[in-house]
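Numbering (the working numbering), first residue to last: 767 to 1154.
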């Protein structure tokens, strides 16, 4: 039989007893005597609990309880329990970093409990996975969960959409060779996942493209959408070029003359995304290629942006030519560093005062720049040098 819906909370007084709250369901119950029974609960098997704290539930209630438990705890006995972030006291509970708490996407703590969730993620591991209702293998936005400190955010990788592309871009900081450390700012109580203050301003001009993929036999009419994906982004965080008619080989945009300006609040958790679309005869956009990069890894200059398909796989020769200028907002002199060694270089005066401003000067030597001083020569001699 199964038991549940006890009237009060019971706390174990001995190691061979269960502790449980009101509403808990205890499985595989064995009635040793009238006072103490045995059962399975929370991954602990055949421990004692007082019979006067529980009541037997009907077969219908048992079935509903099983369905609820399966949804809340899909790992079954492998899961050591479920943590209610809204009720737990982070500072007074000891968490084992070797255990991973799993949350279905629609049961993660809400915005009102973001602070508690951040504190929890500093002491224990968390994993979030798509809900079972996503029968078409669609994905949810992983960025709010990354900003809340979640360590593993699972996605449906069989779907080539914006969110899997952002996930691929997250691991470009280390060359896709392993895990990515959380930004250092997330380790302090002063961290705000949704700040209002803008830290970085990017001025972007899309100049040209080359060797864009074709849809069927038709000649494409491409245009480029550029957007910033991250905390506190809105419709003002994107722009698009004009449509270049019937030229997918080497389209060159001559307008607008002024650069588009995009502002970023948290560059450590923000991405810059280029999406190349084609406009068909009905003026509907059709996806051609994309490129997504962490803002933390972008530097100022003329850049050749290698394009990829929806699965972030390289497209041979396909690229964009852009100019981008990255600068800090306001008079602050703060900069972002990828390692303590770079900070030591800065404070030790090892960097010259006339060096180029940058956001990230990490281990990726692929952030190359044209050496010519003449802008026209730069455009002529561009050799698809890596944007990132």
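Ideal Cβ positions, reconstructed from N, Cα and C, are used throughout, including at glycine.
Remember, it's a predicted structure, so these values are computed and weren't measured experimentally.
I'd like the list of long-range same chain contacts for residue i, defined as Cβ closer than 7 Å, with 5 residues on each side in sequence excluded.
i: residue 987; result: 1009, 1010, 1011, 1012, 1044, 1045
i: residue 916; result: 887, 892, 894
i: residue 1052; result: 981, 1043, 1044, 1046
i: residue 794; result: 805, 806
i: residue 1143; result: For residue 1143, the predicted structure reports a pLDDT of 45, less than 50, and the residue's modelled location is therefore unreliable. A value from the coordinates is still provided. Excluding residues within five positions, none has a Cβ falling inside 7 Å.
Express the C-alpha separation of residue j and residue i in angstroms, rounding to a whole number.
i: residue 1062; j: residue 924; result: 27 Å
i: residue 1014; j: residue 985; result: 7 Å
i: residue 791; j: residue 807; result: 7 Å
i: residue 1094; j: residue 967; result: 6 Å
i: residue 1020; j: residue 904; result: 37 Å
i: residue 899; j: residue 1001; result: 29 Å
i: residue 872; j: residue 897; result: 7 Å
i: residue 798; j: residue 814; result: 9 Å
i: residue 1155; j: residue 914; result: Beyond the ends of the chain as shown, which are 767 and 1154, falls residue 1155; an answer cannot be given.
i: residue 779; j: residue 964; result: 53 Å
i: residue 816; j: residue 782; result: 12 Å
i: residue 951; j: residue 1030; result: 16 Å
i: residue 947; j: residue 918; result: 12 Å
i: residue 1050; j: residue 991; result: 14 Å
i: residue 937; j: residue 931; result: 10 Å
i: residue 810; j: residue 788; result: 18 Å
i: residue 944; j: residue 1060; result: 16 Å
i: residue 962; j: residue 956; result: 14 Å
i: residue 777; j: residue 874; result: 26 Å
i: residue 821; j: residue 786; result: 13 Å
i: residue 983; j: residue 1017; result: 18 Å
i: residue 906; j: residue 1068; result: 34 Å
i: residue 942; j: residue 958; result: 27 Å
For residue i, count neighbouring C-beta atoms within 10 Å of its own C-beta (all shown protein chains included) and say buried if the count is 16 or more, exposed if not.
i: residue 1007; result: buried
i: residue 1058; result: buried
i: residue 812; result: exposed
i: residue 733; result: This structure does not reach residue 733, given that the chain is present from 767 up to 1154, and the question cannot be answered.
i: residue 1132; result: Any reading at residue 1132 must be qualified, since the residue scores a pLDDT of 40, below 50, and its modelled position is unreliable; the value itself is stated next. Residue 1132 is exposed by the Cβ-count criterion.
i: residue 864; result: exposed
i: residue 1048; result: exposed
Given a cut-off of 7 Å on the beta-carbon distance, is the pair residue i and residue j in contact?
i: residue 1054; j: residue 979; result: yes
i: residue 921; j: residue 940; result: no
i: residue 1070; j: residue 1080; result: no
i: residue 1037; j: residue 935; result: yes
i: residue 973; j: residue 884; result: no
i: residue 929; j: residue 908; result: yes
i: residue 1027; j: residue 1066; result: no
Restricting to Cα atoms, I'd like to know which of the options is closest to residue i.
i: residue 876; options: 897, 910, 864; result: 910
i: residue 1064; options: 922, 1050, 994, 873; result: 994
i: residue 818; options: 809, 941, 803; result: 803
i: residue 970; options: 782, 1039, 1050; result: 1039
i: residue 960; options: 989, 1073, 1034; result: 1034
i: residue 890; options: 1090, 983, 866, 999; result: 866
i: residue 1082; options: 976, 815, 991; result: 976
i: residue 1074; options: 1049, 1090, 1041; result: 1041
i: residue 954; options: 789, 882, 1050, 814; result: 882
i: residue 1090; options: 1029, 1056, 1025, 1049; result: 1025
i: residue 1032; options: 776, 788, 810, 999; result: 999
i: residue 1056; options: 989, 1016, 1068; result: 989
Taking 6 Å as the limit between beta carbons, can you name the residues of its chain near residue i, skipping five residues before and five after?
i: residue 1004; result: 993
i: residue 926; result: 1076, 1077
i: residue 796; result: 804
i: residue 1123; result: Only weak support is given to the placement of residue 1123: the predicted model assigns it a pLDDT of 36, under 50, and the question is left unresolved by the model.
i: residue 1072; result: 1085
Please find out if some non-hydrogen atom of the ligand FMN comes closer than 6 Å to the beta-carbon of residue i.
i: residue 933; result: Of the ligands one can find in the structure shown there are none, so the ligand FMN has no counterpart to examine.
Consider the Cβ of residue i: report whether some Cβ of chain B lies at a distance smaller than 7 Å.
i: residue 818; result: Given the protein chain composition of this structure (a single chain), no chain B is represented.
Within the same chain, show all residues whose beta-carbon is closer than 8 Å to that of residue i, passing over the 5 residues directly before and after it, in chain order.
i: residue 801; result: 816, 817, 818
i: residue 912; result: 919, 936, 1035
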